[in-house]
Amino acid sequence: MRIYLLLTLTTLLGFFFFQCKSTSANKNDHPKNATLKKLGEEKYGTSAHYITSPGKSYVLCYKKEKGKNVKPTQKAVDFFVFEPQSNKTVYKNNLQNGYVKWFSDYQLEIFLVPGIMPANKSKDDFITIYNLKNNTSIKKSTITGGNKD
């Protein structure tokens, strides 16, 4: 039983540290679109970060929360997606513990960290792929076949 608990704790800590790395690909902290820049600064101030989708159709604007209201082992993320072509926000959300990143040009990968990872589940069971074009979401495990990480 001790080994199982130790393995579970090690796995959870591994997920946490793996997700703490920076997503520097396609990151641009100085957007060219004036409306996007204004929205980002109004909502997040100088803590706004911008990541353009792979095909440059959308921009993910986010703020990682730090401070008294967030536990040290958690990452709160507030974000919205801006579409430069229509010049408007097309999606917004916040996560109390997890991450958001681009899955494709028009899909977001949203991970919500579970309290304890069940033995019969993989990380993909807790990742949602959100489609910005048709406002639908599916579990990543349905795409990957539920393979264990």
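Numbering-wise, the sequence shown is residues 1 to 149 according to my numbering. Backbone N, C-alpha and C define an ideal beta-carbon position, used for all residues, glycine too.
Cβ shell of residue i (< 6 Å), same chain only, five flanking positions each side left out
| i | result |
| --- | --- |
| G55 | D105 |
| V113 | N97 and G98 |
| K140 | D124, I127 and I129 |
| K21 | Reliability fails at K21, whose pLDDT of 41 lies under 50, so the model's placement of it is uncertain and no value is given. |
| F80 | C61, T89 and K92 |
Straight-line Cα distance separating residue j from residue i
| i | j | result |
| --- | --- | --- |
| S86 | Y62 | 19 Å |
| K32 | A48 | 14 Å |
| L132 | K88 | 13 Å |
| A76 | N93 | 11 Å |
| T46 | F111 | 25 Å |
Beta-ladder partner(s) of residue i, from DSSP
| i | result |
| --- | --- |
| D78 | K63 and N94 |
| N131 | Q107 and T136 |
| T35 | Per DSSP, none; premise fails for T35. |
| T89 | F82 |
Sequence-distant residues of the same chain with beta carbon closer than 8 Å to residue i, five excluded per side
| i | result |
| --- | --- |
| E42 | none |
| Y44 | C61, Y62, K63 and D78 |
Closest residue to residue i among the options (Cα-Cα distance)
| i | options | result |
| --- | --- | --- |
| V59 | G45, L36 and Y44 | L36 |
| I51 | T142, P118, K101 and K92 | K101 |
| Q107 | P118, G115, S137 and A119 | S137 |
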